[in-house]
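Remarks on the structure that follows.
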Amino acid sequence: MTTMTYEQAMEEFDPVFGIEVHVELNTKTKMFCGCANEFGAEPNTQVCPVCLGLPGAMPVTNEKAVESAIRLGLSLGCSIRESSRFARKNYFYPDLSKDYQISQYDEPTCYEGALDVVLDDGTVVTVGIERAHIEEDAGKNTHVGGSGGIQGADYSLVDYNRGGVPLVEIVTKPITGMGDRTAEVARAYVATIRDIVRALGISDGRMEQGSVRADVNLSLRPKAVAGESQDDIPFGKRSETKNVNSLRAVERAVRYEAARQAVLLLNGEPVIQETRHWHEDTSSTTPGRSKEEAEDYRYFPEPDLLPVEPSREWVEELRATLPEHPAKMRARLREEWGFSDLEMRDAVAADALVLIADTVAAGAAPQAARKWWMGELSRVANDREVELGSLPVTPAAVAELQGLVDSGRINDKLARQVLEGVLAGEGSPAEVVAARGLEVVSDDSALEAAVDEALASQPEVLDKIRDGKVQAAGAIVGAVMKATKGQADAGRVREIILQRAGVEG
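Sequential numbering of the sequence shown, starting at 2, is according to the numbering used here.
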């Protein structure tokens, strides 16, 4: 057997999975130094002796990062350790200039939590959280040549700007019993984490920029037979698909790895415990390196940093700042907006809920906001094969666009042209309207001239209207709209036509 579908794999085996989600915190400075924490700067311009690990440089813990980590831990239902310490995690890669990473090992700040994840059909899955620990990020490798990955590359470049950026790594407990919903649960879990960090305001949650990324661990084990308990069957060897940076890719990575491992097992071949690289273009993984165990990293306490010892009073103060849980927020918004269950599920599945909420907050009506994000903008995102939130348009701009429609300055057809200009980087909706001359023509003299010209070419329409066939006016409305390139006020055009026919609208 050489191939198998995910569904076939789920019929043969019981999947066990876990996810490590890395959340980059949006503090102004890095975790242990004063370098700027900003995305998109020129390579190697946001570095200093501390984050490069030069001799004699001493790290200092970023208090805001600790605060953000504790708030995240509380949102995940974690206990907050009264005293935790940092450790050095030793490994040797080009993107780690110190040859070790400052992380937390046996004493993470946040531990033993649980998170309720709501699936599209309303099913609630409780995911156990083992730990949420604080650490610094590594730099970023760029592999030049070949397919863009390390395999076959001509050479690699390293940007250390990301090195030292504060991270929280959230590690789940093994998740079992999900069967053929495993991929769906994995995606929903990462989406919930992303929604939480955005609601907390501790990260922009932009997966395409690496602000949130996931390592997906998966193994398969035989299904229990009569007289056996599934819980008594040991876990299989696992793979870890690294740095998956979209919700769609999380789901696809689970599906691919389940099918790949199932083929190996059914052919009597072993599954190698290793990391895997995800390839978005082929929706597949390739081998990385054999997976290390904790002892391979030779952890030891970081001698240059004091323990993190948050007071109970401070923890409770932070608990009081927590926002609404995403699932509860969805239920509330559905009620406030008057969305049907299907409309709400579609918005959540399309990753559009926060975008719609922000558009409503900027002044648009809920259904109008939903129309734009679930309609035209979703179509553009699908055509470009990007996440909806990565399109170059903000909720405020969408609200402004709808405001132009509501005020009568443009109609729906013109609005789509305006949106096209916004997406092309031509400015705000109002600026695009002005630059392209797209405002609706509502001047009566111009509209009357256009109506008279259209009636001159179709004089029989007036007789039809006078005979009671008012719908015949549609032909003239269409001719005027065509002549004005869609910029005429269609309602006013119809009124003028009926006036010319001597009948009331």
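Just so it is clear, CB atoms sit at the ideal spot from N, CA and C, and this is done for glycine as well.
Keep in mind the model is a prediction, meaning the values are calculated, not measured.
Exercise. In terms of alpha-carbon separation, which member of ARG380, SER220, ASP413, GLU12 lies closest to ARG277?
Worked result: Here residue 277 corresponds to residue number 276 of the sequence shown, with the count starting at 1. Among ARG380, SER220, ASP413, GLU12, the Cα nearest to that of ARG277 belongs to SER220.
Problem set entry | Under 9 Å between C-beta atoms of CYS111 and LEU168 | Numbered from its first residue, the sequence shown carries residue 111 at position 110. Numbered from its first residue, the sequence shown carries residue 168 at position 167. Not a contact, by the Cβ cut-off of 9 Å.
Problem set entry | Integer Cβ distance of ALA397 from MET375, believed to fall under 8 Å | Position 396 of the sequence shown, counted from the start, is the residue given in the question as residue 397. Position 374 of the sequence shown, counted from the start, is the residue given in the question as residue 375. Actually they do not touch by this definition, with Cβ atoms about 18 Å apart.
Problem set entry | Reduced DSSP secondary structure (H/G/I, E/B, other) of ARG249 | Position 248 of the sequence shown, counted from the start, is the residue given in the question as residue 249. In this structure, ARG249 counts as helix in the three-state DSSP scheme.
For this session: Excluding the 5 residues preceding and the 5 following GLU401 in the sequence, name in chain order all residues of the same chain whose CB lies nearer than 7 Å to its CB.
Result: For this step, residue 401 is matched to residue 400 along the sequence shown. Taking GLU401 as the centre and dropping the five residues before and after it, the same chain places the C-beta of SER429, PRO430, ALA431 closer than 7 Å to its C-beta, in chain order.
For this session: Would you kindly work out how many angstroms separate the C-alpha atoms of LEU456 and ALA416, rounded to a whole number?
Result: Numbered from 1 along the sequence shown, position 455 holds the residue referred to as residue 456. Numbered from 1 along the sequence shown, position 415 holds the residue referred to as residue 416. LEU456 and ALA416 have their C-alpha atoms some 28 Å from each other.
For this session: Using only alpha-carbon positions, find the residue among GLN102, VAL17, GLY57 that is nearest to GLU303.
Result: Mapped onto the sequence shown, residue 303 falls at position 302. The shortest C-alpha separation from GLU303 is found at GLN102.
Problem set entry | C-alpha distance - MET2 paired with ALA382, whole-angstrom precision | As a working note, residue 2 is residue 1 in the sequence shown. As a working note, residue 382 is residue 381 in the sequence shown. Approximately 37 Å, taken between the alpha carbons.
For this session: Indicate the three-state DSSP secondary structure (helix, strand or coil) for VAL48 in the structure shown.
Result: Position 47 of the sequence shown holds residue 48. Looking at VAL48 - three-state DSSP - the assignment turns out to be coil, as it is neither helix nor strand.
Problem set entry | Identity of the residue in ASN38, GLN274, HIS326 nearest ASP138 by Cα | To locate residue 138, count along the sequence shown from 1; it is residue 137. Selected option, being the one with the closest Cα: ASN38.
Problem set entry | Contacts around TYR257, its chain only, beta-carbon distance under 7 Å, and the 5 residues preceding and following it disregarded | Position 256 of the sequence shown, counting from 1, holds the residue named residue 257. Around TYR257: SER284, SER285, THR286.
Problem set entry | Three-way DSSP call (helix, strand, coil) for ILE81 in this model | Residue numbering aside, residue 81 sits at position 80 when the sequence shown is read from its first letter. In the structure shown, ILE81 sits in a strand (DSSP, three-state: E or B).
Exercise. Can you check whether the CB of SER84 is closer than 9 Å to the CB of PRO308?
Worked result: Against the sequence shown, residue 308 aligns to sequence position 307. Against the sequence shown, residue 84 aligns to sequence position 83. Yes, the Cβ-Cβ distance between PRO308 and SER84 is below 9 Å.
Exercise. Where do the ends of the alpha helix (DSSP H) carrying VAL186 lie?
Worked result: Counting from 1 along the sequence shown, the entry for residue 186 is found at position 185. It spans 183 to 201 - the alpha helix (DSSP H) in which VAL186 sits, taken as one unbroken run.
Problem set entry | CB contact flag (GLY404, GLY364, <9 Å) | Within the sequence shown, residue 404 is the residue found at index 403, counting from 1. Within the sequence shown, residue 364 is the residue found at index 363, counting from 1. Yes. Within cutoff.
Exercise. Helix, strand or coil: how does DSSP classify ILE20 here?
Worked result: As a working mapping, residue 20 is identified with position 19 in the sequence shown. In the structure shown, ILE20 sits in a strand (DSSP, three-state: E or B).
Exercise. Which residues bound the beta strand (DSSP E) around LYS414?
Worked result: Numbered from its first residue, the sequence shown carries residue 414 at position 413. No beta strand (DSSP E) holds LYS414; the alpha helix (DSSP H) holding it covers 413 to 424.
Exercise. Are the CB atoms of THR183 and PHE340 nearer to each other than 9 Å?
Worked result: Within the sequence shown, residue 183 is the residue found at index 182, counting from 1. Within the sequence shown, residue 340 is the residue found at index 339, counting from 1. No, they are not a contact pair.
Problem set entry | Distance between ASP181 and PHE40 (C-alpha atoms, nearest Å) | Within the sequence shown, residue 40 is the residue found at index 39, counting from 1. Within the sequence shown, residue 181 is the residue found at index 180, counting from 1. Approximately 38 Å between the Cα atoms of the pair.
Exercise. DSSP on GLN274, reduced to helix/strand/coil?
Worked result: As a first step, residue 274 must be located in the sequence shown, where it is residue number 273. In the displayed model, GLN274 falls within coil according to three-state DSSP, outside both helix and strand.
Exercise. Hey, quick one: how far does the alpha helix (DSSP H) through TYR7 stretch, first residue to last?
Worked result: The residue you call residue 7 lines up with position 6 of the sequence shown. 7 to 13 is the span of the alpha helix (DSSP H), which, as asked, contains TYR7.
Exercise. Where does ASP352 fall in DSSP's three states?
Worked result: Counting from 1 along the sequence shown, the entry for residue 352 is found at position 351. If DSSP states are grouped into helix, strand and coil, ASP352 belongs with coil.
For this session: Take ASP305 as the anchor and find which of GLY57, ARG313, VAL48 has the nearest alpha-carbon.
Result: Along the sequence shown, read from residue 1 onward, the residue named residue 305 stands at position 304. Measuring from the Cα of ASP305, the nearest candidate turns out to be GLY57.
Exercise. Quick one: what's got a C-beta closer than 6 Å to MET208's C-beta in the same chain, skipping five residues either side?
Worked result: Numbered from its first residue, the sequence shown carries residue 208 at position 207. Taken in chain order, the residues that qualify are ASN246, SER247.
Exercise. Taking just the CA atoms, how far does VAL159 sit from LEU389?
Worked result: Here residue 389 refers to the residue found at position 388 when the sequence shown is read from its first residue. Here residue 159 refers to the residue found at position 158 when the sequence shown is read from its first residue. For LEU389 and VAL159, the distance between alpha carbons rounds to 29 Å.
Exercise. Is LEU424 closer than 9 Å to VAL394 when the C-beta atoms are compared?
Worked result: On the sequence shown, residue 394 is found 393 positions in, with the first residue counted as 1. On the sequence shown, residue 424 is found 423 positions in, with the first residue counted as 1. Yes; because the gap between Cβ atoms is below 9 Å, this pair is in contact.
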